[in-house]
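Visitor: Respectively, the protein sequence lines represent chains A and B. Following my numbering, the numbering of the first sequence begins with 1 at its first residue and continues without gaps. Following my numbering, the numbering of the second sequence begins with 338 at its first residue and continues without gaps. Have a look at this one.
Number of protein chains: 2
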Amino acid sequence: MKITSTIAGILTLTILLACSPSGNGSQPAATADPLPSWIDGDAKQEILDFVARVTDPASSEFVPEAERIATFDNDGTLWAEQPLYFQLFFAIDRVKALAPEHPEWKTQQPFKAVIEDDLEALVASGKRGLLELVMATHAGMTTDEFERIATAWLDTTVHPTSGRPFTDMVYQPMLEVLDYLRAHGFKTYIVSAGGIEFMRPWTEEVYGIPPEQVVGSSIKTSFEIRDNGSVLMRLPEIDFIDDKAAKPVAINSHIGRRPIAAFGNSDGDLQMLQYATGGDNPGFALLVHHDDAEREWAYDRESHIGRLDKGLDEADARGWTVVSMQDDWRMIFPLAD
Amino acid sequence: MKITSTIAGILTLTILLACSPSGNGSQPAATADPLPSWIDGDAKQEILDFVARVTDPASSEFVPEAERIATFDNDGTLWAEQPLYFQLFFAIDRVKALAPEHPEWKTQQPFKAVIEDDLEALVASGKRGLLELVMATHAGMTTDEFERIATAWLDTTVHPTSGRPFTDMVYQPMLEVLDYLRAHGFKTYIVSAGGIEFMRPWTEEVYGIPPEQVVGSSIKTSFEIRDNGSVLMRLPEIDFIDDKAAKPVAINSHIGRRPIAAFGNSDGDLQMLQYATGGDNPGFALLVHHDDAEREWAYDRESHIGRLDKGLDEADARGWTVVSMQDDWRMIFPLAD
Chain A
1 MKITSTIAGI LTLTILLACS PSGNGSQPAA TADPLPSWID GDAKQEILDF
51 VARVTDPASS EFVPEAERIA TFDNDGTLWA EQPLYFQLFF AIDRVKALAP
101 EHPEWKTQQP FKAVIEDDLE ALVASGKRGL LELVMATHAG MTTDEFERIA
151 TAWLDTTVHP TSGRPFTDMV YQPMLEVLDY LRAHGFKTYI VSAGGIEFMR
201 PWTEEVYGIP PEQVVGSSIK TSFEIRDNGS VLMRLPEIDF IDDKAAKPVA
251 INSHIGRRPI AAFGNSDGDL QMLQYATGGD NPGFALLVHH DDAEREWAYD
301 RESHIGRLDK GLDEADARGW TVVSMQDDWR MIFPLAD
Chain B
338 MKITSTIAGI LTLTILLACS PSGNGSQPAA TADPLPSWID GDAKQEILDF
388 VARVTDPASS EFVPEAERIA TFDNDGTLWA EQPLYFQLFF AIDRVKALAP
438 EHPEWKTQQP FKAVIEDDLE ALVASGKRGL LELVMATHAG MTTDEFERIA
488 TAWLDTTVHP TSGRPFTDMV YQPMLEVLDY LRAHGFKTYI VSAGGIEFMR
538 PWTEEVYGIP PEQVVGSSIK TSFEIRDNGS VLMRLPEIDF IDDKAAKPVA
588 INSHIGRRPI AAFGNSDGDL QMLQYATGGD NPGFALLVHH DDAEREWAYD
638 RESHIGRLDK GLDEADARGW TVVSMQDDWR MIFPLAD
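See the structure below:
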């Protein structure tokens with residue numbers, strides 16, 4: 001598994017720059033391809049061109065380092081999301097574990113679907129139903145306890161069809177984009193409809209994105225004093241669903257700057273991409289199009305999970321970058337495909 | 338005015354470390370006093386001791402750099418807050434400018450108090466009333482427009498008694514604490530009941546704290562597409578009041594880590610200090626006690642603004658650091674007192 005650290009990256013780069021034996025900062029280094037998993041083509045070139053434009057001080061589109069904010073959706077953009085958002089497998093396991101204490105779930109959707117292993121009914125309950133399932137089964141413990149539960153589950157559970165740990169099912173080409181942007185002064189954030197506290201325990205190790213740069217959906221919490229300290233209790237009440245038009249709102253709340261690059265894969269990311277491209281700075285918008293049924297999954301306009309319909313039309317109309325996983329990516333997952 | 342940048346600080350430090358001519362990392366540098374505006378005494382020593390304990394790898398209380406989160410209240414902790422929270426002077430000027438369009442304000446508190454220059458009635462409307470005033474007068478424009486309005490006001494308005502710009506009325510000893518912590522690997526955050534978007538335009542220049550490390554109260558916003566781009570409209574509806582038990586909640590939401598040091602000055606900060614000291618890591622809690630009527634203001638248990646009552650008792654019971662502005666601070670503001 002790829003381990004990346006923003007801070008370590010900055011420091012290493014700085015030490016190299018500061019102590020370069022040649023002492024000649026203007027001499028170009030022998031540069032390896034920064035995006036080796038990307039096949040040479042339009043998508044790759046558009047990424048490289050954008051970064052070149054905003055980081056060249058002589059360019060009319062130069063953006064100071066502090067304003068180089070890049071936001072990434074997670075499900076379907078940085079890791080896979082089929083046959084269900086991965087967090088739902090966690091929720092399903094939690095529902096089954098907690099079901100004996102909740103007899104009412106036997107007749108109440110989407111819990112009934114989970115208990116009866118009816119995936120189709122579960123998916124049909126829609127994104128909001130799915131989020132409610134997640135939120136309801138993620139409450140009743142402290143934030144510290146939840147982190148331990150989620151981490152233990154991720155460490156011991158594998159994906160139903162690949163048999164791999166879920167954190168192995170991240171996209172190698174996107175890991176390269178994250179590294180490439182950070183090496184050029186970008187601060188990388190996750191802005192996902194997934195649960196913020198489900199992601200934070202592992203995003204630093206897997207993506208090089210620390211917890212404070214992860215934005216997501218949340219349930220309410222309550223501060224409580226205990227005999228041996230203080231805790232935040234997780235309440236069974238939705239606080240914020242970080243999807244669609246709520247993504248720009250959450251970006252403004254958590255970051256306070258408009259991103260200049262946004263990466264998504266579904267109509268849930270549309271407004272985030274509109275926000276990144278709708279300001280004074282040059283904006284870059286990229287959609288990952290899942291069109292590789294052989295190495296991953298193929299789905300778009302009709303899918304319940306990760307539907308990409310309006311986004312494809314808008315990308316076409318506005319010249320956004322659309323990545324064909326089949327044609328643009330040499331490999332999908334970090335391990336051999 | 339002091340201009341500080343976290344990133345620049347890290348890079349400078351790194352270059353110095355990486356290129357030290359002596360090449361001997363273990364040799365102590367000639368160290369100037371990192372807190373020159375602090376009089377030698379318990380408070381100063383407790384700060385120095387805490388930082389030494391958590392940054393010494395040989396210490397049993399060592400805390401890795403990524404977990405060195407320090408949170409600071411703003412009003413009364415980093416800058417002054419008398420005779421009113423400074424943001425209220427902005428709100429008052431906005432109410433007066435907008436009053437012709439709002440005839441109903443003539444009979445409605447706290448607007449009536451503002452229009453009639455009745456400071457006492459305004460203060461008596463309480464923190465929630467004051468926040469409502471702020472929120473109501475800060476809506477109806479885009480986030481970008483609000484930033485311009487707030488910045489223009491701060492650039493052109495002075496404090497009613499000192500005659501200085503509000504951003505000059507920051508506490509020099511606290512600026513030194515911010516720098517000192519950052520030089521020891523801490524990430525510094527503001528966690529304030531003040532408006533998040535009122536603070537973000539100037540906190541980087543004044544405190545060295547970038548917008549993404551500022552947490553505060555907020556009104557709701559709505560994403561809208563315009564002919565020439567996209568905006569967030571500010572709505573006249575309170576979203577979050579970042580005070581008391583909401584501070585740990587906001588810290589968890591924005592940062593996702595428990596602070597190991599928290600700095601406040603009023604009972605509104607009590608839970609933040611309980612949170613910082615209530616976890617597994619060693620925690621440091623500090624209260625600024627306003628007891629210097631000559632150089633600043635003296636107020637605590639009975640004050641409407643910045644009341645410090647329960648906090649003093651809890652600090653006494655738990656051994657928190659209490660700073661006497663009179664006895665512990667050589668100077669108050671960066672300019673000559």
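All C-beta atoms, glycine included, are put in the ideal place defined by N, C-alpha and C. No experiment lies behind these values; they were computed from the predicted model shown.
Using the Cα positions of A/Thr55 and B/Gln509, report the straight-line distance between them to the nearest angstrom.
Guide: As a position in the first sequence, residue 55 of chain A is number 55, starting the count at 1. As a position in the second sequence, residue 509 of chain B is number 172, starting the count at 1. Their backbone Cα atoms lie some 36 Å apart in a straight line.
Visitor: Could you tell me the distance, in whole angstroms, from the CA atom of B/Glu482 to the CA atom of B/His626?
Guide: On the second sequence, position 145 is the one that residue 482 of chain B refers to. On the second sequence, position 289 is the one that residue 626 of chain B refers to. If you take the alpha carbons of B/Glu482 and B/His626, they lie about 36 Å apart.
Visitor: How many Å lie between B/Met472 and B/Asp430 at the Cα?
Guide: As a first step, residue 472 of chain B is located in the second sequence; it is residue number 135 there, counting from the start. As a first step, residue 430 of chain B is located in the second sequence; it is residue number 93 there, counting from the start. Approximately 14 Å between the Cα atoms of the pair.
Visitor: Using the Cβ count rule (16 or more neighbours within 10 Å means buried), how would you classify B/Ile592?
Guide: The sequence position of residue 592 of chain B within the second sequence is 255, counting from 1. Result: buried.
Visitor: In angstroms, rounded to a whole number, what distance separates the CA positions of A/Ala91 and B/Ile556?
Guide: Against the first sequence, residue 91 of chain A aligns to sequence position 91. Against the second sequence, residue 556 of chain B aligns to sequence position 219. If I take the Cα positions, the gap works out to 32 Å.
Visitor: Please confirm whether A/Gly279 has its beta-carbon closer than 8 Å to some beta-carbon of chain B.
Guide: Here residue 279 of chain A refers to the residue found at position 279 when the first sequence is read from its first residue. Chain B contact via Cβ: present.
Visitor: Taking the alpha-carbon positions, what's the B/Ile533 to B/Gly553 distance?
Guide: For the purposes of this step, residue 533 of chain B is taken as residue 196 along the second sequence, with counting starting at 1. For the purposes of this step, residue 553 of chain B is taken as residue 216 along the second sequence, with counting starting at 1. If I take the Cα positions, the gap works out to 4 Å.
Visitor: Answer yes or no: does any C-beta atom of chain B fall closer than 8 Å to that of A/His254?
Guide: One-based indexing of the first sequence puts residue 254 of chain A at position 254. It does; some Cβ of chain B falls within 8 Å.
Visitor: For the stretch 490-562 of chain B, which segments carrying the beta strand (DSSP E) assignment without a break, of at least 3 residues, lie completely within its bounds, in sequence order?
Guide: Listed in chain order, the complete beta strand (DSSP E) runs (minimum 3 residues) inside the stretch 490-562 of chain B are 524-532.
Visitor: Return the chain-ordered list of same chain residues with a C-beta closer than 6 Å to the C-beta of B/Gly648, the five sequence neighbours on each side being excluded.
Guide: Against the second sequence, residue 648 of chain B aligns to sequence position 311. So the qualifying residues of the chain are Asp604, Leu607 and Leu624.
Visitor: I'd like the span of the beta strand (DSSP E) that includes A/Val288, first residue to last.
Guide: Taking the first sequence and counting its residues from 1, one reaches residue 288 of chain A at position 288. Where A/Val288 is concerned, the enclosing beta strand (DSSP E) stretches over Phe284 to His289.
Visitor: According to DSSP, which residues form a beta bridge with A/Met233?
Guide: Here residue 233 of chain A corresponds to residue number 233 of the first sequence, with the count starting at 1. Answer is A/Thr142 and A/Ser222.
Visitor: Please confirm whether B/Gly566 has its beta-carbon closer than 8 Å to some beta-carbon of chain A.
Guide: Position 229 of the second sequence holds residue 566 of chain B. It does; some Cβ of chain A falls within 8 Å.
Visitor: Quick check on the DSSP output: the alpha helix (DSSP H) that includes B/Phe423 runs from which residue to which?
Guide: As a first step, residue 423 of chain B must be located in the second sequence, where it is residue number 86. Phe423 to Leu435 is the extent of the alpha helix (DSSP H) around B/Phe423.
Visitor: Could you work out which residues of chain B lie near A/Ile209, taking near to mean beta carbons separated by less than 7 Å?
Guide: Mapped onto the first sequence, residue 209 of chain A falls at position 209. Ordered by position in chain B, no residue passes the 7 Å Cβ test against A/Ile209, which lies about 11 Å from the chain.
Visitor: Taking the C-alpha atoms as reference points, what is the distance between B/Arg563 and B/Met478?
Guide: Within the second sequence, the letter at position 226 stands for residue 563 of chain B. Within the second sequence, the letter at position 141 stands for residue 478 of chain B. The straight-line gap from Cα to Cα measures roughly 13 Å.
Visitor: Taking 8 Å as the cut-off, decide whether the C-beta atoms of A/Asp239 and A/Val191 are in contact.
Guide: In the first sequence, residue 239 of chain A corresponds to position 239, counting from 1. In the first sequence, residue 191 of chain A corresponds to position 191, counting from 1. Not in contact: A/Asp239 and A/Val191 (Cβ atoms no closer than 8 Å).
Visitor: Mapping DSSP to helix, strand and coil, what is A/Ser26?
Guide: Start at 1 with the first residue of the first sequence, and residue 26 of chain A comes out as number 26. Its pLDDT being 42, under 50, A/Ser26 is placed unreliably in this model, and the value from its coordinates should be taken loosely. Residue state, collapsed to three classes: coil.
Visitor: Using a Cβ-Cβ cutoff of 7 Å, what residues of the stretch 232-255 of chain A are near chain B? List them in chain order.
Guide: Here the close residues are Leu232, Ala245, Pro248, Val249, Asn252, Ser253, His254 and Ile255.
Visitor: Rounded to whole angstroms, what is the Cα-Cα separation between A/Gly279 and B/Pro548?
Guide: Taking the first residue of the first sequence as position 1, residue 279 of chain A is located at position 279. Taking the first residue of the second sequence as position 1, residue 548 of chain B is located at position 211. When rounded, the distance between both Cα atoms is 17 Å.
Visitor: If we ignore side chains and look at the alpha-carbon of each, how far apart do B/Thr558 and A/Ala52 end up?
Guide: Your numbering for residue 558 of chain B matches position 221 in the second sequence. Your numbering for residue 52 of chain A matches position 52 in the first sequence. Answer to the nearest angstrom: the Cα atoms are 33 Å apart.
Visitor: Helix, strand or coil: how does DSSP classify B/Phe409 here?
Guide: By 1-based counting over the second sequence, the position of residue 409 of chain B is 72. Strand at B/Phe409.
Visitor: Please classify B/Glu418 as buried or exposed, where buried requires at least 16 other C-beta atoms within 10 Å of its C-beta.
Guide: The residue labelled residue 418 of chain B in the question sits at position 81 within the second sequence. Buried.
Visitor: As a quick exercise: from B/Lys524, B/Gln424, B/Asp650 and B/Ile376, pick the residue whose alpha carbon is nearest that of B/Leu491.
Guide: If you number the second sequence from 1, residue 491 of chain B lands on position 154. Of the listed residues, the one whose Cα sits closest to B/Leu491 is B/Gln424.
Visitor: Among B/Thr444, B/Ala530, B/Lys524 and B/Phe426, which residue has its Cα nearest to the Cα of B/Glu583?
Guide: To locate residue 583 of chain B, count along the second sequence from 1; it is residue 246. Correcting the residue identity first, residue 583 of chain B is Ala in this sequence and not Glu. The candidate whose alpha carbon is nearest that of B/Ala583 is B/Ala530.
Visitor: Determine, using beta carbons only, whether B/Met662 and B/Glu633 come nearer to each other than 8 Å.
Guide: In the second sequence, counting from the first residue as 1, residue 662 of chain B sits at position 325. In the second sequence, counting from the first residue as 1, residue 633 of chain B sits at position 296. Result yes, Cβ atoms of B/Met662 and B/Glu633 sit closer than 8 Å.
Visitor: Can you grab the Cα-Cα spacing for the pair B/His496 / A/Gly283, in whole Å?
Guide: On the second sequence, residue 496 of chain B is found 159 positions in, with the first residue counted as 1. On the first sequence, residue 283 of chain A is found 283 positions in, with the first residue counted as 1. Their backbone Cα atoms lie some 39 Å apart in a straight line.
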